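Undergrad: Read in the working numbering, the sequence shown has 296 at position 296, and its numbers run on one by one without any break. All residues carry an ideal CB built from backbone N, CA and C; glycine is no exception. All of these numbers come straight from a predicted model, not from anything done at the bench.
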Amino acid sequence: MNRTESFEGEVLRVVRGTRSGVPIAVAIHSTERGPAIGGCRIKPYPSWRDGVDDALRLSAAMTMKCALAGLPYGGGKTVAVLPAEGARRRDLIADIAEAISALGGRYRTGPDIGSTSEDMAEIHRLAHGWAFCRPEAQGGSGTSSAATARGVLAALRAGVAPGSVAGSRVGVIGFGSVGRLVCESLLAQGADVVVTDVDGELRPVAEQLGASWTTADLVRERLDVLVPAATGGLLTAESAAACGASLIVGPANNQLVADEVATVLRDRGITWIPDVIASAGGIIHAVGREELGWDEAAANAKVDAIADTTSAVLSRARERGSTTVRAARELAARLTGTG
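Here it is as structure tokens:
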């Protein structure tokens, strides 16, 4: 398995790592605005084809994310499909770097599920510098978690009618690095926060912060705000029909299993802020600091501008009676000159 294929984008490269034996897919959806960027996802999948499908979906979302964020980049994605027995880390990262290097600079990567800033440092070393979010001690901008959380909170502020979450009941699904930072900020603002995560060992940490812990399905709970901060595919037509939140905004990628779900949410009066907007803070900060020459203040200001993008999309959706998905796509097309 070592080939480059065309798809509804520009390039799909699928290889079996020569060192690790792990299937690796690198998808480039668009380089029209500049080099493609997108995270490196390392995780098990039912099959390598499922990993390829994920790379394709996520690369297309990255093109839209970059356009809405005003970044001079297109969308791409790396997915490494881990076998049940795992793989030797050094070999796998070298194989990923080799796959990226073979694309000649058309694609740059960053951390995602299963990859770290340290991995990015090694890919940066092996693949001509085409990786970002290296540790600050090695010349990078460090982990993207804080900036991603900052962007989620900016989108949330724009989506909450009074602009404040004080007294609101907020459910957070996923208590990883980003979810935890979002929780801390919401609690500090006076929100009543309830958390769930597949890792029950995180419960004491959440409760120590002042959040409540639950094993219930938060999608169906009565909430003012639902924050999906784990993996995608959370919102199906069925779960959207049973959703108890008024506003949904979070950093998880590909939250909707299909665009039709956005129609269900709209018809029920639930505001969904597209994840391509809410999750953009990390990528904005990383490329701004490492590739575009912004200082920390300028990078943070760009992340905070996610609130303006959110407001523009919500206003467009209201004016046209459309879903926020459609409004976001229309705005992205206008920004890229394709619509």
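Just how far apart, CA to CA, sit residue 245 and residue 70?
TA: Here the question's residue 245 lines up with position 245 in the sequence shown. Here the question's residue 70 lines up with position 70 in the sequence shown. Spanning the two alpha carbons is a distance of roughly 30 Å.
Undergrad: Which residue from 28, 81 and 45 puts its Cα closest to that of residue 38?
TA: The residue you call residue 38 lines up with position 38 of the sequence shown. Here the closest residue by C-alpha is 28.
Undergrad: When the distance is taken between beta carbons, is residue 310 closer than 8 Å to residue 191?
TA: As a first step, residue 191 must be located in the sequence shown, where it is residue number 191. As a first step, residue 310 must be located in the sequence shown, where it is residue number 310. Cβ atoms of residue 191 and residue 310: not closer than 8 Å.
Undergrad: Assuming contact is defined by CB atoms lying nearer than 8 Å, are residue 79 and residue 60 in contact in what I supplied?
TA: What you label residue 79 is simply residue 79 of the sequence shown in a count that begins at 1. What you label residue 60 is simply residue 60 of the sequence shown in a count that begins at 1. Contact: no.
Undergrad: Around the C-beta of residue 255, are 16 or more other C-beta atoms found within 10 angstroms, so that it is buried, or is it exposed?
TA: Here residue 255 refers to the residue found at position 255 when the sequence shown is read from its first residue. So residue 255 counts as buried.
Undergrad: Opposite residue 44 in the DSSP bridges: which residues?
TA: Reading the sequence shown from its first residue, position 44 is the one you call residue 44. In DSSP, residue 44 forms a bridge with 82.
Undergrad: When you compare each of 114, 98, 25 and 261 to residue 230 by their alpha carbons, which one comes out closest?
TA: The residue labelled residue 230 in the question sits at position 230 within the sequence shown. Answer by Cα proximity: 114.
Undergrad: For residue 183, collect the residues of the same chain with a Cβ closer than 8 Å to its Cβ; drop the 5 residues on either side in sequence, then sort them by chain order.
TA: Here residue 183 refers to the residue found at position 183 when the sequence shown is read from its first residue. These residues qualify, in order along the chain: 172, 175, 193, 195, 206, 209 and 211.
Undergrad: Straight-line CA distance for residue 124 to residue 130?
TA: Counting from one through the sequence shown, the residue named residue 124 turns up at place 124. Counting from one through the sequence shown, the residue named residue 130 turns up at place 130. Each residue's alpha carbon lies about 5 Å from the other.
Undergrad: My understanding is that residue 35 touches residue 105, with C-beta atoms under 8 Å, so please give their C-beta distance in whole angstroms.
TA: Working through the sequence shown from its first residue, we reach residue 35 at position 35. Working through the sequence shown from its first residue, we reach residue 105 at position 105. Contact holds; Cβ gap of about 6 Å.
Undergrad: Counting pairs of Cβ atoms below 8 Å between the stretch 321 to 330 and the stretch 286 to 303, do you hit three or more?
TA: Taking 8 Å as the limit for Cβ pairs, the verdict is that the stretch 286 to 303 does not touch the stretch 321 to 330.
Undergrad: Assuming the contact rule is C-beta atoms closer than 8 Å, residue 81 and residue 170 should be a hit. Round their C-beta distance to whole Å, please.
TA: Here residue 81 corresponds to residue number 81 of the sequence shown, with the count starting at 1. Here residue 170 corresponds to residue number 170 of the sequence shown, with the count starting at 1. Not really, about 34 Å apart at Cβ, beyond 8 Å.
Undergrad: Tell me whether the beta-carbon of residue 260 lies closer than 8 Å to the beta-carbon of residue 237.
TA: Within the sequence shown, the letter at position 260 stands for residue 260. Within the sequence shown, the letter at position 237 stands for residue 237. In this structure, residue 237 lies closer than 8 Å to residue 260 by Cβ.
Undergrad: Leaving out five residues on either side along the sequence, give the residues of the same chain with a beta carbon under 6 Å from the beta carbon of residue 77.
TA: Residue 77 sits at position 77 when you count from the first residue of the sequence shown. Correct list, in chain order: 27, 38, 55, 58 and 59.
Undergrad: Would you kindly work out how many angstroms separate the C-alpha atoms of residue 52 and residue 41, rounded to a whole number?
TA: Counting from 1 along the sequence shown, the entry for residue 52 is found at position 52. Counting from 1 along the sequence shown, the entry for residue 41 is found at position 41. Cα to Cα, the separation comes out at about 11 Å.
Undergrad: Assuming residue 312 and residue 331 make a contact with CB atoms under 8 Å, what is their CB distance in whole Å?
TA: Position 312 of the sequence shown, counted from the first residue, corresponds to residue 312. Position 331 of the sequence shown, counted from the first residue, corresponds to residue 331. About 6 Å; that satisfies the 8 Å criterion.
Undergrad: Buried or exposed: residue 329, going by 16 or more other Cβ atoms within 10 Å of its Cβ?
TA: On the sequence shown, position 329 is the one that residue 329 refers to. Classification for residue 329: buried.
Undergrad: Could you give the DSSP three-state label for residue 191: helix, strand or coil?
TA: As a position in the sequence shown, residue 191 is number 191, starting the count at 1. If DSSP states are grouped into helix, strand and coil, residue 191 belongs with coil.
Undergrad: Check for me: the alpha helix (DSSP H) holding residue 309 runs from which residue to which?
TA: Counting from one through the sequence shown, the residue named residue 309 turns up at place 309. Where residue 309 is concerned, the enclosing alpha helix (DSSP H) stretches over 306 to 320.
Undergrad: Quick check: the Cα distance between residue 96 and residue 17, rounded to an integer number of angstroms?
TA: Translated into positions along the sequence shown, residue 96 becomes position 96. Translated into positions along the sequence shown, residue 17 becomes position 17. Rounded to the nearest angstrom, the two C-alpha atoms are 7 Å apart.
Undergrad: For residue 121, tell me which candidate among 112, 138 and 108 has the shortest Cα-Cα distance.
TA: Indexing the sequence shown from 1 puts residue 121 at position 121. Nearest option by C-alpha distance: 138.
Undergrad: Just to check my reading of the structure: residue 225 and residue 249 have Cβ atoms closer than 8 Å, yes? What is that Cβ distance to the nearest angstrom?
TA: The count along the sequence shown starts at 1 and reaches residue 225 at position 225. The count along the sequence shown starts at 1 and reaches residue 249 at position 249. Contact holds; Cβ gap of about 7 Å.
Undergrad: Rounding to the nearest angstrom, what Cα-Cα distance links residue 65 and residue 98 in this structure?
TA: Numbered from 1 along the sequence shown, position 65 holds the residue referred to as residue 65. Numbered from 1 along the sequence shown, position 98 holds the residue referred to as residue 98. Going by the C-alpha atoms only, they are around 26 Å apart.
Undergrad: Around the C-beta of residue 201, are 16 or more other C-beta atoms found within 10 angstroms, so that it is buried, or is it exposed?
TA: By 1-based counting over the sequence shown, the position of residue 201 is 201. With fewer than 16 Cβ atoms within 10 Å of its Cβ, residue 201 is classed as exposed.
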